[in-house]
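Peer 1: Got a structure for you, written out below as structure tokens; questions coming shortly.
4 protein chains.
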Amino acid sequence: MDAKADDVARRLKSVEGHVRGVQRMVEDGEYCIDIVNQITAIQRALKKVSGMLLDHHLHACVTDAMRGPDAAARERVLGELLEVFEATGKS
Amino acid sequence: MDAKADDVARRLKSVEGHVRGVQRMVEDGEYCIDIVNQITAIQRALKKVSGMLLDHHLHACVTDAMRGPDAAARERVLGELLEVFEATGKS
Amino acid sequence: MDAKADDVARRLKSVEGHVRGVQRMVEDGEYCIDIVNQITAIQRALKKVSGMLLDHHLHACVTDAMRGPDAAARERVLGELLEVFEATGKS
Amino acid sequence: MDAKADDVARRLKSVEGHVRGVQRMVEDGEYCIDIVNQITAIQRALKKVSGMLLDHHLHACVTDAMRGPDAAARERVLGELLEVFEATGKS
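Note that the protein sequences, when read in sequence, are chains U, Z, L and V.
Residue 13 is where the first sequence starts when you use my numbering, and the numbers rise one by one after that.
Residue 13 is where the second sequence starts when you use my numbering, and the numbers rise one by one after that.
Residue 13 is where the third sequence starts when you use my numbering, and the numbers rise one by one after that.
Residue 13 is where the fourth sequence starts when you use my numbering, and the numbers rise one by one after that.
Pasting the structure below:
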């Protein structure tokens with residue numbers, strides 16, 4: 013997924029730095045609500061990354077499986093999509 | 013917040029390592045759904061940290077403000093709690 | 013909570029009608045994604061109502077308990093707020 | 013979607029009754045946190061219904077489109093799935 017994989021990698025690198033920034037905020041005893049708001053921003057950035065990965069997944073693996081002859085493989089990718097949907101928003 | 017702050021710091025350190033692990037998964041071209049599930053686990057870990065910070069905040073700053081004489085300070089902490097509630101679940 | 017209670021009641025009445033509309037969409041065999049999007053709109057409307065109730069709760073019960081002499085009552089309202097935060101976004 | 017449509021219809025009927033129950037709680041001036049918790053239960057029930065509709069959608073419309081010859085139709089169903097994922101958890 014080349015260009016997209018680069019974008020995903022860059023965003024995860026940025027999330028890592030953001031998490032380190034939050035660690036410093038905790039060490040420095042910054043105001044709890046400010047820290048909570050930064051954590052919310054990190055969660056939003058992670059949701060964006062998940063969406064990009066899912067976009068790629070739908071156009072690659074899911075498309076291949078759904079257009080292929082293997083009924084079990086089709087059932088598997090559909091079941092995985094349902095599980096992702098069910099897990100979403102639980103955090 | 014001493015012992016609790018240590019626990020929060022340790023959990024954020026663990027989240028940072030988890031994010032690096034996800035970066036390696038992307039580099040290694042691992043299965044998208046496995047990566048998405050790891051990101052979901054990170055979001056859950058972050059939600060737990062937010063809950064711990066909020067717990068501390070309620071028992072420290074919010075309690076002080078609410079029991080204090082400054083009506084504007086009380087209004088401010090209540091407004092912040094509402095904003096946190098509204099932002100929650102949007103990621 | 014008078015005017016606010018009226019607004020909450022009106023919004024819940026509207027949610028009830030919205031749910032009936034979704035029932036009709038199911039009966040009429042409408043496109044699943046259109047139905048799912050209407051359900052998402054209902055969930056958003058319910059979140060708004062929860063926010064209004066929480067706003068009232070913070071300014072009434074929580075303020076009374078926090079400014080009162082009963083430490084157990086203070087602990088109870090703080091614990092309830094934490095539980096609401098933890099349950100939020102799990103649906 | 014026959015048996016499943018019956019189940020979805022029955023669950024939506026139950027949600028409608030639940031919403032009316034919450035309206036009565038508001039009229040009777042019941043404790044805000046109890047009302048908020050009931051609203052959370054309704055949101056969970058609606059998420060379950062969305063999951064059932066999505067399950068059906070994946071096995072019917074998405075499977076048909078993905079296995080069919082129309083590239084634009086395939087792109088459309090994938091785009092809709094991404095939008096549902098992005099909207100999930102925002103309430």
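Here a beta-carbon is modelled for each residue, glycine too, at the ideal position from N, C-alpha and C.
Since we're looking at a predicted model, the values are computed, not measured.
1. Going by beta-carbon coordinates alone, are residue 50 of chain V and residue 34 of chain V separated by less than 7 Å?
2. Return the CA-CA distance between residue 63 of chain Z and residue 43 of chain U, expressed in angstroms with no decimal places.
3. CB of residue 60 of chain V to nearest heavy atom of the ligand SAM: below 6 Å?
4. In chain order, what are the residue ranges of uninterrupted alpha helix (DSSP H) at least 4 long that sit wholly in the segment 52-83 of chain U?
5. Pick from V:59, V:22 and V:47: whose alpha carbon is nearest that of residue 96 of chain V?
6. Return no unless some Cβ of chain V is closer than 7 Å to the Cβ of residue 58 of chain L.
7. Looking at the secondary structure, which residues open and close the alpha helix (DSSP H) in which residue 14 of chain V lies?
8. For residue 21 of chain Z and chain U, any beta-carbon pair shorter than 7 Å?
9. Can you list, in chain order, the residues of the segment 69-83 of chain L whose Cβ is nearer than 7 Å to any Cβ on chain Z?
10. Output needed for residue 53 of chain U: all residues of its chain with C-beta closer than 8 Å, excluding positions within five of it in sequence on either side, in chain order.
11. By the three-class DSSP mapping on this structure, what secondary structure does residue 91 of chain Z have?
12. Applying a beta-carbon distance threshold of less than 7 Å, which residues of chain Z neighbour residue 67 of chain L?
13. Which bits of chain L does residue 101 of chain V rub up against, with CB to CB less than 8 Å?
14. Please classify residue 42 of chain L: does DSSP put it in a helix, a strand, or coil?
15. Can a CB atom of chain L be found closer than 7 Å to the CB of residue 42 of chain V?
16. Name the chain L residues whose beta carbon is nearer than 7 Å to that of residue 63 of chain Z?
17. Using the C-alpha atoms, what's the distance from residue 98 of chain L back to residue 101 of chain U?
18. Flag this pair as yes or no: are the beta carbons of residue 48 of chain U and residue 20 of chain Z separated by less than 7 Å?
19. From the beta carbon of residue 28 of chain Z, is the nearest beta carbon of chain U less than 7 Å away?
20. For residue 66 of chain U, which residues from the same chain have a beta carbon less than 6 Å from its beta carbon, with the 5 sequence-adjacent residues on both sides left out?
21. Among L:85, L:78 and L:82, whose alpha-carbon lies nearest the alpha-carbon of residue 86 of chain Z?
22. Name the chain L residues whose beta carbon is nearer than 8 Å to that of residue 87 of chain V?
23. Are the CB atoms of residue 89 of chain Z and residue 74 of chain Z within a distance shorter than 7 Å?
24. Between L:45, L:80 and L:69, which has its C-alpha nearest residue 68 of chain V's C-alpha?
25. Measuring CB to CB, does residue 27 of chain L end up less than 7 Å from residue 57 of chain L?
26. Would you say residue 90 of chain U faces chain V, with C-beta separation under 7 Å as the test?
27. If you draw a straight line from the C-alpha of residue 76 of chain U to the C-alpha of residue 41 of chain L, how long is it?
Peer 2: Taking the geometry as given:
1. yes
2. 14 Å
3. You won't find the ligand SAM in this model; it holds no ligand whatsoever.
4. As far as the segment 52-83 of chain U is concerned, its whole alpha helix (DSSP H) runs of at least 4 residues are 75-79.
5. Comparing Cα positions, the closest option is V:59.
6. Chain V contact via Cβ: present.
7. 14-39
8. yes
9. Cβ contacts with chain Z come from 70, 71, 75, 78 and 79.
10. 30
11. In the structure shown, the three-state DSSP call for residue 91 of chain Z is helix.
12. For the C-beta of residue 67 of chain L, the chain Z residues within less than 7 Å are, from N- to C-terminus, 94.
13. 101
14. Secondary structure of residue 42 of chain L (DSSP, three-state): coil.
15. no
16. 94, 97 and 98
17. 12 Å
18. no
19. Yes, residue 28 of chain Z counts as interfacial toward chain U.
20. none
21. Of the candidates L:85, L:78 and L:82, the one whose C-alpha sits nearest the C-alpha of residue 86 of chain Z is L:78.
22. Within chain L, no residue comes near residue 87 of chain V; the closest Cβ sits about 14 Å away, beyond 8 Å.
23. yes
24. Of the listed residues, the one whose Cα sits closest to residue 68 of chain V is L:45.
25. yes
26. yes
27. 29 Å
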